[in-house]
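Numbering-wise, the sequence shown is residues 57 to 250 according to the numbering used here. Take a look at the structure below.
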Amino acid sequence: MKSVVYIFIIGFCGITFGQDISEIIIQGNHKTRSQFIQNITQVKAGNSLDSAKIELDISRLKRLPGIAHAYYKVEKTIDNSYSVTYGVEENFTIIPSANVYTTNDDEFAYRLGLYEFNGLGRNILIGGYFQRDIFNSYGINFRAPYLFSNKLGLAVNHQNLSTLEPVFLEEGVADYRYNNTSYEILGLYEFNFH
């Protein structure tokens, strides 16, 4: 009987003196949407204050390509609840690429690309490239890792690649045109390793 009373008292004290979160504030974001950050974090307004969950949220935010640094601040409010502030510093996410090289016949070749790693402020990768290696080639990429939920996403890629490739035969070297047109649709799922 005494153990039941002790459990009841401990449970009552935990409920009475619980530290609840009254609000979540996102600051420092310019391109990344606040709603997106709130959707992928575990800490929500109305939940109990849990520093381990806050640390996991900060770790997850730092792994996003659009975020250079993330930090948090916890402040007690007037009504004895807590306000959690997530601060983020964003990366520059539009990344160009340029490659210059020579072909098998010592001709000038290049590849130009442009990628956005924080499209629509939701960590969506959108981009593509154009390649001139005797023949014209291109590729288009779309990757939205949090399209359906905070763990489930989609990636779609298309590539049309044409190059001149050597074939080594006993009679000598012959060149042939290599064509590869590919379409790819991937389902993305983020595992919880914590």
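Just so you know, even glycine gets a beta-carbon here, dropped at the ideal spot from N, CA and C.
Which residues DSSP lists as bridging residue i, in chain order
{"i": "K256", "result": "The first residue shown for the chain is 57 and the last is 250, placing residue 256 beyond what the model contains."}
{"i": "H86", "result": "BP columns for H86 are empty, so no partner."}
{"i": "D165", "result": "Note that residue 165 corresponds to Ala in the displayed sequence, not to Asp. Y157, per the DSSP bridge assignment."}
{"i": "A230", "result": "V223"}
{"i": "F186", "result": "L168, Y194"}
{"i": "Y245", "result": "L208"}
{"i": "N213", "result": "N197, E240"}
{"i": "D76", "result": "S104"}
Nonlocal neighbours in the same chain, by C-beta distance under 7 Å from residue i, ignoring five residues either side
{"i": "G102", "result": "D76, I77"}
{"i": "R89", "result": "G177, R178"}
{"i": "P201", "result": "N179, G209, L244, E246"}
Beta-carbon contacts of residue i that lie in its chain and below 8 Å, excluding the five residues immediately before and after
{"i": "A165", "result": "V156, Y157, T158, T159, Q187, R188, D189, I190"}
{"i": "I114", "result": "A126, Y127, Y128, Y142"}
{"i": "I123", "result": "T88, L117, V144, E145, E146, N147"}
As assigned by DSSP and simplified to three states, the class of residue i
{"i": "N235", "result": "strand"}
{"i": "N95", "result": "helix"}
{"i": "L112", "result": "helix"}
{"i": "L117", "result": "helix"}
{"i": "S107", "result": "helix"}
{"i": "G70", "result": "Caution applies to G70, whose pLDDT of 49 falls short of 50 and renders its modelled position unreliable; the model cannot decide the point."}
{"i": "R178", "result": "coil"}
Beta-carbon proximity check, residue i vs residue j, cutoff 9 Å
{"i": "L244", "j": "G209", "result": "yes"}
{"i": "L170", "j": "S153", "result": "yes"}
{"i": "N206", "j": "G183", "result": "no"}
{"i": "L168", "j": "N213", "result": "no"}
{"i": "Q94", "j": "K100", "result": "yes"}
{"i": "L220", "j": "D161", "result": "yes"}
{"i": "N174", "j": "E146", "result": "yes"}
Contacting residues, own chain, Cβ-Cβ under 6 Å from residue i (five flanking each side not counted)
{"i": "G143", "result": "Q83, G84, Y127"}
{"i": "L181", "result": "F173, R199"}
Please determine if the stretch 104 to 115 and the stretch 78 to 88 are in contact, where contact requires at least 3 C-beta pairs separated by less than 8 Å. At 8 Å Cβ cutoff, the stretches do not touch.
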